[in-house]
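Peer 1:
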Amino acid sequence: MDSLRIDRNGYTLVDQVEEKLIQYFKEQGLRPGSSIPNENELSASLGTGRTVLREALSRFKMTGMIQSRTKRGMTLAEPSLLASMRRSINPLLMSDTTLYDIFEMRITLDLGMSHALFKAITPQLIAELEKIVTEEERLGNDFAVARRTEFHKKLYEAVGNKILSEFQELISPAIDYIVAQHQAEFEEHMKALAAKGQLVTHSTLLDLIKAGDEEGYRQAVIRHFGVYQTYLDPAKQKAEA
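1 is the number of the first residue of the sequence shown in full-length UniProt numbering; add one for each residue after it.
(1) Under the rule that 16 or more other beta-carbon atoms within 10 Å means buried, what is T48, buried or exposed?
(2) Is it right to say M85 is buried, meaning 16 or more other beta carbons lie within 10 angstroms of its own, or is it exposed?
(3) Determine the direct distance from the alpha carbon of L30 to that of G226, and round the result to whole angstroms.
(4) Considering residue 242, what are the terminal residues of the alpha helix (DSSP H) in which it resides?
(5) To the nearest angstrom, how far is the alpha carbon of A158 from that of T51?
(6) For H202, is the classification buried or exposed, using 16 other Cβ atoms within 10 angstroms of its Cβ as the cut-off for buried?
(7) Under a three-way DSSP split, which group does M105 fall into?
(8) Please report the distance separating the alpha-carbon of A44 from that of M94.
(9) Here's the rule I'm using: 16 or more other beta-carbon atoms within 10 Å means buried, otherwise exposed. How should E137 be labelled?
(10) Looking at L82 and E169, is the spacing between their C-beta atoms short of 7 Å?
(11) Can you tell me whether R106 is buried or exposed, with buried defined as 16 or more other CB within 10 angstroms of its CB?
(12) Name the residue from T12, I175, V14 whose alpha carbon lies nearest to the alpha carbon of D96.
(13) Kindly provide the ranges of any alpha helix (DSSP H) runs that are 4 or more residues long and lie completely inside the stretch 69–139, ordered along the chain.
(14) What span of residues does the alpha helix (DSSP H) with V14 cover, start to end?
(15) Is Y43 helix, strand or coil by DSSP?
(16) Using three-state DSSP, classify S35 as helix, strand or coil.
(17) For the putative contact between R218 and L111, defined by C-beta atoms under 8 Å, what is the C-beta separation to the nearest angstrom?
This is how it looks when you write it as structure tokens:
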């Protein structure tokens, strides 16, 4: 374990310990379920106090990468890739530029998953989407953007990619915050599009899904999110200026 010893140069001791431990796990070929040396052994090999070591280990435990169990000691586990992000997604602490970037990323995800979505279409999915659209229409006010999340959430779930679905949920607070900030503008623009027969609703998207029209769906999604992009593009440019 001589390779664990740190040089004390550069960034903080805790950062160096964290990096050295990751390097050690890789070199030893450790996998989830593998035992790792106890604190005394690690501290001695690193040449650091146990306080510094424990802080580094606590970071791993926060992401689920290390688990401590009675009589088994510490073992590696598969970390939650989004755990650290989940604790830091707070729209009130983000700049406008970051918020707009997140919204653009969400639009890109919706477009990018089109092919996977059409491979995942089943009668059950269509029935569930129909139920959501029917409920939206029953509630009325087609231009209220605050309630327009369940439909897209169902699409992400249908694709079956756990990380993609979790990420969509993770950034939802940022999306909701942006929508709330521009609510009046979004709804006014939607009314104008509806008057021209150009508004792409969830009902429109559902019809294309039923028809198996993947390319038509992609084009419709672009127009669907265009309601937001019309305002976000100049807002982002202003924030970056």
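We put the beta carbon where it would ideally sit given N, CA and C, even for glycine.
Peer 2: So, from the listed chains and residues:
(1) The residue is buried, with at least 16 neighbouring Cβ atoms inside 10 Å.
(2) It counts as exposed.
(3) Just so you know, the alpha carbons of G226 and L30 end up roughly 47 Å apart.
(4) Summary: the structure shown does not reach residue 242, with the chain confined to residues 1 through 241, and so no result is reported for it.
(5) Cα to Cα, the separation comes out at about 46 Å.
(6) Burial check for H202: the Cβ neighbour count within 10 Å reaches 16 or more, so the residue is buried.
(7) Of the three classes helix, strand and coil, the one that applies to M105 here is helix, per DSSP.
(8) Going from the Cα of A44 to the Cα of M94 covers about 41 Å.
(9) Here E137 is exposed: its Cβ has fewer than 16 other Cβ atoms, across all protein chains shown, within 10 Å.
(10) Not a contact, by the Cβ cut-off of 7 Å.
(11) With 16 or more other Cβ atoms within 10 Å, it is buried.
(12) Distances from the CA of D96 to each of T12, I175, V14 were compared; the closest alpha carbon is that of I175.
(13) Within the stretch 69–139, the runs of alpha helix (DSSP H) at least 4 residues long that lie entirely inside it are, in chain order, 83–88, 96–112, 114–119, 123–139.
(14) For V14, the uninterrupted alpha helix (DSSP H) run begins and ends at 13–27, by DSSP.
(15) Looking at the sequence shown, residue 43 is not Tyr but Ser. Judged by DSSP in its simplified three-state form, S43 adopts helix.
(16) Strand.
(17) Cβ atoms of R218 and L111 come within 8 Å of each other, at about 6 Å.
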